[in-house]
Every structure is written in structure tokens, then in C-alpha cells.
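Residue numbers (the numbering used here): 334 to 542.
Note that the Cβ used here is the ideal one computed from N, Cα and C, for glycine as well.
Below is one structure, written out as C-alpha cells; comments come after it.
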Ligand code: SF4
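In C-alpha cells form, the structure reads like this:
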């Protein structure tokens with residue numbers, strides 16, 4: 334099997350695959366139906382999560398080719414590895430070539446519940462852009478679509494609170510997203526995002542690789 338990709342390129346970004354763990358099992362998640370593959374990369378870390386230093390060394394090798402963004406994404410929830418995320422983000426912001434690129438976090442918005450504290454002040458020191466996968470305009474639908482693990486069933490309120498805190502914290506951009514064709518109403522999700530002070534991104538439902 335192809336060795337796991339920890340840092341991978343997609344469009345104008347360099348993506349960091351920090352973990353495969355996630356408290357959700359979203360109905361639209363491509364990690365299972367694409368067998369942990371993405372655009373020719375194998376994102377299955379096989380339980381071996383990279384250290385912050387390992388990620389920074391791999392980024393160093395890639396940064397010679399310009400990128401617009403470095404993105405915490407991968408097939409998992411990056412805030413499951415908050416310490417590593419913060420170490421990497423803060424190191425990136427100290428680089429001589431920063432701010433020619435932005436640092437973005439793609440998250441399910443459950444970081445405060447996962448880490449049992451408000452992580453937004455720490456995130457502010459490490460990332461520029463926060464994209465929250467909101468995916469529903471109400472709690473019932475959210476549970477149906479993102480299928481949270483036990484202990485996270487009431488997470489919708491926490492996601493909204495996280496979104497509001499991020500919007501108030503002064504990041505370069507804070508946006509909520511909704512995947513289309515899942516049963517959610519993108520316009521209602523957009524309105525909910527706006528009520529939290531966030532912008533909105535509609536995302537395409539990915540089916541065929
Ligand atoms: S939050 Fe992201 S990684 Fe987790 S199940 Fe949903 S789409 Fe997949």
C-alpha cells in the first residue's frame with residue numbers, strides 16, 4: 334500500500350493530515366467511501382499520527398513551491414491534536430515568508446468540547462482563517478447529518494458557540510459551511526452562520542473520486 338501522506342498539495346494549498354480521529358461520522362464524509370484516498374494521496378495514517386516537528390520538516394521541503402494557504406484538514410478533526418496544531422501554526426507564523434500564505438483550520442467546530450475548554454484564544458495565535466463545517470440549521474438535523482459519537486450528541490450548541498467566539502476573535506476570515514444534497518437547507522445554514530457573525534461557504538457533495 335502507498336505510504337501515508339502527512340503533507341499533501343491540493344489546488345493552491347499545502348494540507349496537513351494531522352489525525353484520522355474524529356468524533357463525528359458525517360453521512361457525506363468521503364474518508365470511508367473513498368477508502369482514505371484523496372486525489373492520489375493515501376491519507377490513512379494507520380494509527381501513526383505525526384509529531385509537530387515531523388510535520389514542520391515536511392512543510393519545509395514543500396514551501397519552496399509557493400502556496401496561498403497551509404491548511405489543517407486531512408481525514409480527521411485537527412483539534413483532536415490541539416497541541417500539535419498550535420505548535421505548527423505558531424511556527425509557521427514566525428517564518429520569514431509568512432504572511433505570503435495564510436494558515437487555515439478546517440474543523441467540525443467541536444474543538445471546545447473535545448478539549449473541554451475555550452480553545453479560541455489559543456487558535457488565534459496559530460491560524461488566520463477558520464472554516465467550520467456546520468452542515469445543518471438545527472440540532473435535530475445536525476445529529477442526523479454529522480452523526481456525533483456518544484458524548485457529543487449535544488454538540489450543535491457548542492459548534493454555534495465556537496463559531497460566535499471565532500467571529501468575535503478577529504481572525505482574517507471565519508466561515509461556516511454546508512454540504513449540498515444532504516437534507517440541510519443551505520440558505521437557512523447561511524442565515525444561521527450570519528447570526529453568529531460568520532461568512533458562509535456552500536460545499537459540493539462529493540461522490541465520485
Ligand atoms: S467532521 Fe470531517 S472528518 Fe469528521 S466525519 Fe465529518 S467530514 Fe469526516
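- Message: Using a Cβ-based criterion (distance less than 7 Å to any ligand heavy atom), does residue 358 qualify as near the ligand SF4?
- Response: yes
- Item | Whole-angstrom distance between residue 358 and residue 402, CA atom to CA atom | 26 Å
- For the segment 390 to 438, which segments carrying the beta strand (DSSP E) assignment without a break, of at least 3 residues, lie completely within its bounds, in sequence order? Those beta strand (DSSP E) runs which fall completely within the segment 390 to 438 and span 3+ residues are 402 to 405.
- Task: Taking only the alpha-carbon atoms, compute the straight-line gap between residue 522 and residue 420 and give it to the nearest angstrom.
- Result: 32 Å
- C-alpha distance - residue 542 paired with residue 392, whole-angstrom precision: Legend: pLDDT at residue 542 = 40, less than 50; position of this residue unreliable, no value from coordinates given.
- Return the CA-CA distance between residue 505 and residue 461, expressed in angstroms with no decimal places. So the two alpha carbons sit approximately 5 Å from each other.
- Query: In chain order, what residues of the same chain have a beta carbon less than 8 Å from the beta carbon of residue 516, not counting five sequence neighbours either side?
  - Reply: 474, 477 and 478
- Query: Which stretch, first to last residue, makes up the alpha helix (DSSP H) that contains residue 445?
  - Reply: Element bounds for residue 445: 444 to 448.
- Look up residue 504 in the DSSP assignment and say whether it is helix, strand or coil. coil
- How do the segment 446 to 461 and the segment 405 to 420 stand: do at least 3 beta-carbon pairs fall below 8 Å, yes or no? The segment 446 to 461 vs the segment 405 to 420: in contact.
- Between the C-alpha atoms of residue 436 and residue 364, what's the straight-line distance to the nearest angstrom? Taking the straight line from one Cα to the other gives about 23 Å.
- Would you check whether the ligand SF4 has a heavy atom nearer than 7 Å to the C-beta of residue 511? Not so, every heavy atom of the ligand SF4 lies at least 7 Å from the Cβ.
- When you compare each of 500, 459, 488 and 535 to residue 471 by their alpha carbons, which one comes out closest? 488
- May I ask you to report which of helix, strand or coil DSSP gives residue 499? Shown here, residue 499 sits in a helix according to DSSP, grouped into three states.
- Comparing alpha-carbon positions, which option in 486, 481 and 529 lies nearest residue 494? Looking at the Cα atoms, 529 is the closest of the given residues.
- Task: Identify whether residue 343 lies in helix, strand or coil by the three-state DSSP scheme.
- Result: strand
- Message: What I want to know is whether the C-beta of residue 374 ends up closer than 7 Å to one or more non-hydrogen atoms of the ligand SF4.
- Response: no
- What is the DSSP secondary structure of residue 542, counted as helix, strand or coil? With a pLDDT of 40 at residue 542, under the threshold of 50, the modelled position of this residue cannot be trusted; read the value that follows with caution. DSSP, read as helix, strand or coil, puts residue 542 in coil.
- Are at least three pairs of beta-carbons, each pair with one atom in the segment 375 to 383 and one in the segment 423 to 433, less than 8 Å apart? Flag = no, the segment 375 to 383 and the segment 423 to 433 do not touch.
- Are there 16 or more other CB atoms within 10 angstroms of the CB of residue 498, so buried, or fewer, so exposed? buried
- Comparing the CB of residue 387 with every heavy atom of the ligand SF4, is any distance shorter than 7 Å? no
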